[in-house]
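Numbering (this note's numbering), first residue to last: 58 to 289.
The beta-carbon is built from N, C-alpha and C at its ideal position, and this holds for glycine as well.
So the structure is just underneath, and the comments pick up after that.
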Amino acid sequence: MKTILEIQRLDRQIRALLREVDKCPASIDFKNYKKLLQEGRARFEQLESQANEIIKNYNIVSNKYSKYKGNSEIIRKRNVENINLDNISSLITDANGLVGELSEEHRRVEDLVRKSEEIVRKSAELSNRLTEAKARSGAIKAKIEAKKQEVAPKIAELEKKIRELEPKVEDKEKYEKYKEMKANGIFPVYVPLEENFCGGCKVELPLNFIERLKTKKMLPCEHCGRIIMLDK
Ligand SMILES: [Zn+2]
58 MKTILEIQRL DRQIRALLRE VDKCPASIDF KNYKKLLQEG RARFEQLESQ ANEIIKNYNI
118 VSNKYSKYKG NSEIIRKRNV ENINLDNISS LITDANGLVG ELSEEHRRVE DLVRKSEEIV
178 RKSAELSNRL TEAKARSGAI KAKIEAKKQE VAPKIAELEK KIRELEPKVE DKEKYEKYKE
238 MKANGIFPVY VPLEENFCGG CKVELPLNFI ERLKTKKMLP CEHCGRIIML DK
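This is the structure:
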């Protein structure tokens, strides 16, 4: 067990070094860059669907205008002799209706133009931000790479030590369990009992668990699955 715990200690150092790379300013910059790209893509999609909506509305407005033009042609072509009082009043109603509809359409078109201008402006802004971020991404990646290179020999050394220790592991089954849990993202695998708490997830353990642990010396935590050891 001592050898497994020694390996776990070395693995912990490796993880700390990897975390150092992951938490370095360049890595954070890179994550922000990727987030910006994702946001940019989503924003472009949104702008595109807004533009489609505007085109749709424009077509509706344009159809209404054609209808109006058609109606006005009909009115214009009516022969003067056919016009009686009833005709005049219906013409006035028609004309009033058309004027109302047209001014409403005019307002809508203005609104569409304003929205289109806004979309163009926002697309340009976004495009500039993305170009800028892209230009910076090369330098960021280089910094991350440098950080990786910096920790790589340290990690290699620790891994070498682990390889040297592995043949000395007596309890192969426990070591297999260790490797399996570690591969599943559970780390550390073997944890001490801290008072009545799990040394991994810090959950308080029931008294009957502690009692069983006293006889078994080693038991998986009911909460996080890590192996709790009675002896440190
Ligand atoms: Zn636990």
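| field | Cβ-heavy atom distance, C81 to ligand 1, below 7 Å | value | no
| field | For I64 and S222, believed in contact at Cβ under 8 Å, the rounded distance | value | Here the sequence assigns Leu to residue 222, which means Ser is not the residue at that position. Contact flag correct, Cβ pair sits at about 5 Å.
| First and last residue of the uninterrupted beta strand (DSSP E) at L276 | M275 to P277
| message | Can you tell me whether G127 is buried or exposed? The criterion is at least 16 other CB atoms within 10 Å of its CB, across all chains shown. | response | exposed
| query | Quick one: what's got a C-beta closer than 7 Å to I145's C-beta in the same chain, skipping five residues either side? | reply | none
| message | Considering only heavy atoms of ligand 1, does any lie closer than 7 Å to the CB of R283? | response | yes
| request: Decide if I112 is buried, meaning its Cβ has at least 16 other Cβ atoms within 10 Å, or exposed. | output: exposed
| Span of the beta strand (DSSP E) around T284 | At residue 284 the sequence reads Ile, which differs from the Thr that was named. Unbroken beta strand (DSSP E) run through I284: I284 to M286.
| Contact under 8 Å by Cβ, Y122 with L169 | no
| Cβ-heavy atom distance, V260 to ligand 1, below 7 Å | yes
| task | With a threshold of 16 other CB atoms inside 10 Å of the CB of L148, please say whether the residue is buried or exposed. | result | exposed
| task | Over the uninterrupted alpha helix (DSSP H) stretch that includes E63, give me the two end residues. | result | K59 to D79
| request: Hey, could you find the ends of the beta strand (DSSP E) E230 is sitting in? | output: Per DSSP, E230 belongs to no beta strand (DSSP E); it is in the alpha helix (DSSP H), K229 to A240.
| Where do the ends of the beta strand (DSSP E) carrying E251 lie? | Y247 to E251
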